[in-house]
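Colleague: Protein chains in written order, with full-length UniProt numbering: chain A, 1 to 547; chain B, 1 to 547.
This is the structure, below, for whatever I ask next.
There are 2 protein chains.
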Amino acid sequence: MALAALALTPPAHADTLVDNVNGITLDQDGKVVRFTGLLIGSDGKVRQLLDRKDKRPERPDFKEDGKGRTLIPGLIDAHGHVMGLGFSLMLLDLSDTHSLAEAQAAIRQYAADNPEMPWIIGSGWNQEKWGLGRFPTAADLDAVVADRPVWLERVDGHAGWANSAAMAAAKIGPTTKAPEGGRIEMAGGKPSGVFVDAAVALVDAAKPKPLARDLDRAFLLAQQKLISQGITTIADMGTTIQEWQAYRRAGDKKQLAIRILSYGRDIDNMALIAGSEPTPWLYDDKLRMVGVKLYLDGALGSRGAWMKAPYSDAPGQKGLPLLTPAQLRNKMVRASMDKFQVAIHAIGDAANAEALDAIADLSRDLPGERRWRIEHAQIVDPADIARFAEMKVVASMQPIHQPSDRLMAEARLGPDRLKGAYAWRSMEKAGVRLAFGSDVPVESANPFPGIAAAISRTDAAGQPVGGWHPEETVSRETALDGFTRTAAYAAFAEDRLGTLMPGMRADFVILADDPLLASPDAIRKMTPLETWIGGYRYYKKQGGAGG
Amino acid sequence: MALAALALTPPAHADTLVDNVNGITLDQDGKVVRFTGLLIGSDGKVRQLLDRKDKRPERPDFKEDGKGRTLIPGLIDAHGHVMGLGFSLMLLDLSDTHSLAEAQAAIRQYAADNPEMPWIIGSGWNQEKWGLGRFPTAADLDAVVADRPVWLERVDGHAGWANSAAMAAAKIGPTTKAPEGGRIEMAGGKPSGVFVDAAVALVDAAKPKPLARDLDRAFLLAQQKLISQGITTIADMGTTIQEWQAYRRAGDKKQLAIRILSYGRDIDNMALIAGSEPTPWLYDDKLRMVGVKLYLDGALGSRGAWMKAPYSDAPGQKGLPLLTPAQLRNKMVRASMDKFQVAIHAIGDAANAEALDAIADLSRDLPGERRWRIEHAQIVDPADIARFAEMKVVASMQPIHQPSDRLMAEARLGPDRLKGAYAWRSMEKAGVRLAFGSDVPVESANPFPGIAAAISRTDAAGQPVGGWHPEETVSRETALDGFTRTAAYAAFAEDRLGTLMPGMRADFVILADDPLLASPDAIRKMTPLETWIGGYRYYKKQGGAGG
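Written out as structure tokens, the structure is:
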């Protein structure tokens, strides 16, 4: 990786002055505040924002010249999957290979670099791009790795390529039958090594479960990647006990740099991890279990999202709820009684309506401020939008999904239902608080394309020109707010994270340009020059303009 | 409870002088060191042991007059079950009731005191002691608790008494059949409420699993009990993920007072909790996962201990190993490769021999100092004792088991095999390191009866006079060593715990009398006046002589 190594045990130092910057933050009320110097206390919190004319402390313990560059609050990803990202970074990626020989060389190298991995797992191969004229075979893989299983997903996810050791581990032989909806490629009366569609599961089932050391390694990779992208805090949406233990191990070893706001994967993980109430803030505000993530429906692409009316491209199909009304409410009550926050995954308009119904049913009788979250809130009946605001439900949305999903969403929904699709501005106008995230690793965690999508509703190619349903674009300030102040609010963290006002944790990012002034295309291409968390610089771009 | 409440958030203070004491510790080599003053640094570690003639610091931040009482190192229980103790303390105890009416009053009061408990669980009833002339009934219970299940074990453990709600929860009705070896008491054609022997399981199966808040409460009760008994550190032999999470919650909330040396309950818990190596010392040395606990056989009382020859009172029965040779060795290798310590439960002489065989098989090829432990080492073939010493295997034994088991052990083993039973002195003579514990809650955690048993081999009544196989008694110094210095060594904690030499954690107990001079009977009755951990006083006996 071309990233600067993270300094994981930062040196202890006292007061720090980061001076000569184009400083930007939102204040507690969301108003833009500009400053030229940032004074950080030895506790890692912002002590003072300095204006051009303010007097600087005479001898700070540490002084950093910002050279006029832009400084913004650390970005908060309100919805991601930390370990999912980590594991995706550990996999062998063959998408850049242009021939079988090139792929074989990459596989051999990866296996040599990872001698302790029991299986070599990867993805991205495409025999058409290689000009191979045939599927690759187990023998092609055996030639480079014979000592352990190799299992590689095709670029489209619809086929897998195994070596002989993987087929042996999965007990696949000449008489193995493909399951319905699947196909086993054959050669000379035995499986050739490629498994198509449902047959992929035959080999998948034999894959070893990750060990703790795999989780630890994946976590460090994810953390490094996120920090290099300017993410200083991430809400981990659906933490398992295994994942939580990896976060704690990192914390115990003083290797936890990023801040993780954790939501347990359903009630069992929540209770096993946190017990009968949210955890305290751990490791200097680096880790906390705040609440629980509940899945109410699936996704739009696979038509798992639960819709009020049938899919436009699949008459009769409306998706399905994953929880009955009673199940949903029972889980919500169980979590809420113990003061856990509830975050409900709802993509389809029926799922969103049901989540809102459940919230309405329960809000009256539950004590305290519940700050309900609906995750994705992707396709919402316009008639339901006002209910988010009425019940103060946070809409936790991922702007980058809009350009990624555009053509698929048009096919699934038809023109009539697009009014409530990825409807950030309608939410905002109704008074709904918008928290923004990436859904990493479904999308890249890079928040800058997300901000660009939020303000332009265009994709990386600037398409469609003028933006897709441009009435739903939000301002640069709203986009920044969604990735900072409101993302913190959405996880009960606004007392310490999300802005750079005095008393808040000194989490910030240094950029070459000002995102409140740049074009969407320029924002999309921004990369952090530096990332600071709690007053320590954890990342500095190598050879960057900020050098 | 009559105990002083634990001050769970001790005040921060700096240097402390505990002066005018009859101070005793062992040094690193096990030699007795005496002192009259203990100087503790602000880091909670012993700074200096002061002799009568040594100069005292002029103005310590905090000074305590020991009034000539005895100060010994905090006692370390080398083998206990913290949450088992906690849950036993949470149960309703009816063993002191003398009539059904008295029991009913106690049950009503307990239910009122514990409104959140979904089931009322208890034990200790005895209708004969009550002079009832019949078994009690569900109706007797319904009269005092009807709103939730009540389920009470008879004093001998061979029967259970349920109310109607418990029977309903267990789906027990007029047609329910008792399993083989069990009996359901009937009245008027339906179950009366008492279930005998194997039928107990019918109701047991319906008991709810404990919630996190139950674990948290049980932990605090156990901790309070242990500290009041002078235990400052305990090796938790077989920690589950649920239990570990409770310890961490206590640590996170600064409620962890006692030190816990944790051994995961088999490999799965070990790996889920600690990952790929033992955890760091957490919470100022209050918690660490050191290793794994493996069960190789059962217990002597139930003839589950695995013997070389048949039981004397059950010809043909030799008990059974719970692991095959390959399973045992695989688990040992898996743990050891990741530097976890291995503690093997072995009670019978065959189990001890097999554990030693496995250690011999693996020791050659495993790197580092493994410091194997055998837990209980209760019945050992005298021919095998030298092998403990040769391979530096720690014998982790519980002296109190000897008086408790005496008559049963004589019946099970016959006279010939008693030579290697509870054979502390034979172990010591062979050069084996002895770590002592209680096996709480199988026995009381109180270490003083354990010390008394170790030096006298008599029970609470002083029986048998002169001691049972008195050739196996050890010295007072060896008994203290087993509960302090070697108990620390047994868990790789000798660099910080187990003695009061300078640099060690200031964990100590204040007693009215000197256990190196007192009679076994006097030692058996000793109770701590104060217990200090890390330089803080966590317990002070109310109205005690140390007032």
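We treat Cβ as the ideally placed atom computed from N, Cα and C, and that holds for glycine.
Report yes or no: is there a C-beta of chain B within less than 8 Å of the C-beta of A:Asp216?
Modeller: Position 216 of the first sequence, counted from the first residue, corresponds to residue 216 of chain A. Closer than 8 Å: yes.
Colleague: Rounded to a whole number of angstroms, what is the C-alpha to C-alpha distance between A:Arg496 and A:Pro118?
Modeller: Locating residue 496 of chain A in the first sequence gives position 496, counting from the first residue. Locating residue 118 of chain A in the first sequence gives position 118, counting from the first residue. Roughly 42 Å separates the two Cα atoms.
Colleague: Would B:Val32 be called buried (16 or more neighbouring beta carbons within 10 Å of its own) or exposed?
Modeller: Position 32 of the second sequence, counted from the start, is the residue given in the question as residue 32 of chain B. Exposed is the call here.
Colleague: Residues of the stretch 274-288 of chain B with a CB closer than 7 Å to any CB of chain A: list them in chain order, please.
Modeller: So the close ones are Gly275, Ser276, Thr279, Pro280 and Leu282.
Colleague: Going residue by residue through the stretch 302-328 of chain B, where are the continuous beta strand (DSSP E) segments of at least 3 residues, counting only ones entirely within it?
Modeller: The stretch 302-328 of chain B contains no whole beta strand (DSSP E) run of 3 or more residues.
Colleague: From B:Gln224 to B:Thr232, what distance separates their C-alpha atoms?
Modeller: Residue 224 of chain B sits at position 224 when you count from the first residue of the second sequence. Residue 232 of chain B sits at position 232 when you count from the first residue of the second sequence. When rounded, the distance between both Cα atoms is 10 Å.
Colleague: Name the DSSP bridge partner or partners of A:Pro73?
Modeller: The residue labelled residue 73 of chain A in the question sits at position 73 within the first sequence. A:Phe508.
Colleague: Step through the CB atoms of chain A and report whether any lies within less than 8 Å of the CB of B:Asp252.
Modeller: Here residue 252 of chain B corresponds to residue number 252 of the second sequence, with the count starting at 1. Yes, B:Asp252 lies at the interface with chain A (some Cβ there is under 8 Å from its Cβ).
Colleague: Three-state secondary structure (DSSP) at A:His401?
Modeller: In the first sequence, the residue the question calls residue 401 of chain A occupies position 401. Helix.
Colleague: Going by other Cβ atoms of all chains shown within 10 Å of its Cβ, with 16 needed for buried, is A:Leu158 buried or exposed?
Modeller: Locating residue 158 of chain A in the first sequence gives position 158, where the first residue counts as 1. Sequence inspection shows His at residue 158 of chain A; the Leu mentioned does not correspond to that position. Exposed, by the Cβ-count rule.
Colleague: Compute the distance between the beta-carbons of B:Gly84 and B:Pro399, then report whether it is under 8 Å.
Modeller: As a first step, residue 84 of chain B must be located in the second sequence, where it is residue number 84. As a first step, residue 399 of chain B must be located in the second sequence, where it is residue number 399. Not a contact, by the Cβ cut-off of 8 Å.
Colleague: For A:Ser396, name the three-state secondary structure that DSSP assigns.
Modeller: As a working note, residue 396 of chain A is residue 396 in the first sequence. In the structure shown, A:Ser396 sits in a strand (DSSP, three-state: E or B).
Colleague: Answer yes or no: does any C-beta atom of chain A fall closer than 8 Å to that of B:Leu38?
Modeller: For this step, residue 38 of chain B is matched to residue 38 along the second sequence. Not one chain A Cβ lies under 8 Å of B:Leu38.
Colleague: If I follow the unbroken beta strand (DSSP E) through B:Ile107, where does it start and stop?
Modeller: Within the second sequence, residue 107 of chain B is the residue found at index 107, counting from 1. Per DSSP, B:Ile107 belongs to no beta strand (DSSP E); it is in the alpha helix (DSSP H), Leu100 to Asp113.
Colleague: What are the boundary residues of the beta strand (DSSP E) that includes B:Tyr538?
Modeller: What you label residue 538 of chain B is simply residue 538 of the second sequence in a count that begins at 1. First-last of the beta strand (DSSP E) with B:Tyr538: Tyr536 to Lys540.
Colleague: Do B:His345 and B:Leu418 come within 8 Å of each other at the CB atom, strictly closer than that value?
Modeller: The sequence position of residue 418 of chain B within the second sequence is 418, counting from 1. The sequence position of residue 345 of chain B within the second sequence is 345, counting from 1. No, Cβ-Cβ distance for B:Leu418 and B:His345 is not below 8 Å.
Colleague: Let me know if A:Gln327 comes out buried or exposed under the rule of 16 or more other beta-carbons within 10 Å of its beta-carbon.
Modeller: Counting from one through the first sequence, the residue named residue 327 of chain A turns up at place 327. A:Gln327 is exposed by the Cβ-count criterion.
Colleague: Counting Cβ pairs, one atom from each stretch, are 3 or more of them under 8 Å apart for the stretch 465-484 of chain A and the stretch 72-90 of chain A?
Modeller: Taking 8 Å as the limit for Cβ pairs, the verdict is that the stretch 72-90 of chain A does touch the stretch 465-484 of chain A.
Colleague: What are the partner residues of B:Arg265, as DSSP defines its beta bridges?
Modeller: Taking the second sequence and counting its residues from 1, one reaches residue 265 of chain B at position 265. Its beta-bridge partners are B:Lys293.
Colleague: In angstroms, rounded to a whole number, what distance separates the CA positions of A:Ala377 and A:Phe436?
Modeller: Counting from 1 along the first sequence, the entry for residue 377 of chain A is found at position 377. Counting from 1 along the first sequence, the entry for residue 436 of chain A is found at position 436. The straight-line gap from Cα to Cα measures roughly 11 Å.
Colleague: By the 8 Å beta-carbon criterion, what residues does the stretch 229-259 of chain A contribute toward chain B?
Modeller: Per Cβ criterion, the list reads Ile241, Gln242, Gln245, Ala246, Arg248, Arg249, Asp252 and Lys253.
Colleague: Measuring straight from C-alpha to C-alpha, what distance separates B:Asp51 and A:Asp19?
Modeller: Walking along the second sequence from the start, residue 51 of chain B turns up at place 51. Walking along the first sequence from the start, residue 19 of chain A turns up at place 19. Each residue's alpha carbon lies about 58 Å from the other.
Colleague: Which residues in the same chain have their Cβ closer than 7 Å to the Cβ of B:Ser363, if we skip the five residues on either side of it in sequence?
Modeller: Working through the second sequence from its first residue, we reach residue 363 of chain B at position 363. Cβ within range, chain order: Arg370 and Met391.
Colleague: Find the nearest neighbour of A:Asp416 within the set A:Lys45, A:Pro520, A:Ala112 and A:Tyr311, judged by alpha-carbon distance.
Modeller: As a position in the first sequence, residue 416 of chain A is number 416, starting the count at 1. Of the listed residues, the one whose Cα sits closest to A:Asp416 is A:Tyr311.
Colleague: In three-state DSSP terms, what is B:Arg148?
Modeller: Translated into positions along the second sequence, residue 148 of chain B becomes position 148. B:Arg148 falls in the coil class under three-state DSSP.
Colleague: Under 8 Å, do A:Ala162 and A:Gly188 count as touching if we go by C-beta distance?
Modeller: Within the first sequence, residue 162 of chain A is the residue found at index 162, counting from 1. Within the first sequence, residue 188 of chain A is the residue found at index 188, counting from 1. Not in contact: A:Ala162 and A:Gly188 (Cβ atoms no closer than 8 Å).
Colleague: Which residues in chain B sit within 7 Å of A:Arg148, going by Cβ to Cβ distance?
Modeller: Counted from its first residue, the first sequence places residue 148 of chain A at position 148. Neighbours of A:Arg148 on chain B: none; closest Cβ ~18 Å, over 7 Å.
Colleague: Going by CA-CA distance only, name the one from B:Thr70, B:Leu17 and B:Asp43 that's closest to B:Asp54.
Modeller: Position 54 of the second sequence holds residue 54 of chain B. Closest by alpha carbon: B:Leu17.
Colleague: So, does the CB of B:Ala14 fall closer than 8 Å to a CB anywhere in chain A?
Modeller: Here residue 14 of chain B is taken as the residue at index 14 of the second sequence, counted from 1. Answer no: the Cβ-Cβ gap between B:Ala14 and chain A never drops below 8 Å.
Colleague: Please list the segments of the beta strand (DSSP E) lying wholly inside the stretch 342-380 of chain B, counting only runs of 3 or more residues, in order along the chain.
Modeller: Counting only runs of 3 or more, we get 373-376.
Colleague: Determine the extent of the beta strand (DSSP E) in which A:Lys190 is found, giving its start and end residues.
Modeller: Counting from one through the first sequence, the residue named residue 190 of chain A turns up at place 190. Unbroken beta strand (DSSP E) run through A:Lys190: Lys190 to Asp197.
Colleague: Check distances from the C-beta atoms of the stretch 192-220 of chain A to those of chain B and list, in chain order, the residues that come in under 8 Å.
Modeller: Under the 8 Å Cβ criterion, the stretch 192-220 of chain A contributes Leu211, Ala212, Arg213, Leu215 and Asp216.
Colleague: Should the stretch 237-255 of chain B be regarded as contacting the stretch 208-228 of chain B, the criterion being three or more beta carbon pairs within less than 8 Å?
Modeller: Segments in contact, yes.
Colleague: Output yes if chain B places a C-beta closer than 8 Å to the C-beta of A:Leu516; else output no.
Modeller: The residue given as residue 516 of chain A occupies position 516 in the first sequence. Chain B contact via Cβ: absent.
Colleague: Could you tell me whether the Cβ of A:Leu272 comes closer than 8 Å to any Cβ of chain B?
Modeller: Residue numbering aside, residue 272 of chain A sits at position 272 when the first sequence is read from its first letter. Judged by the 8 Å Cβ criterion, A:Leu272 is in contact with chain B.
Colleague: At the level of alpha carbons, what is the spacing between A:Arg59 and A:Ala383?
Modeller: By one-based count along the first sequence, residue 59 of chain A stands at place 59. By one-based count along the first sequence, residue 383 of chain A stands at place 383. So the alpha carbons of these two residues sit roughly 59 Å apart.
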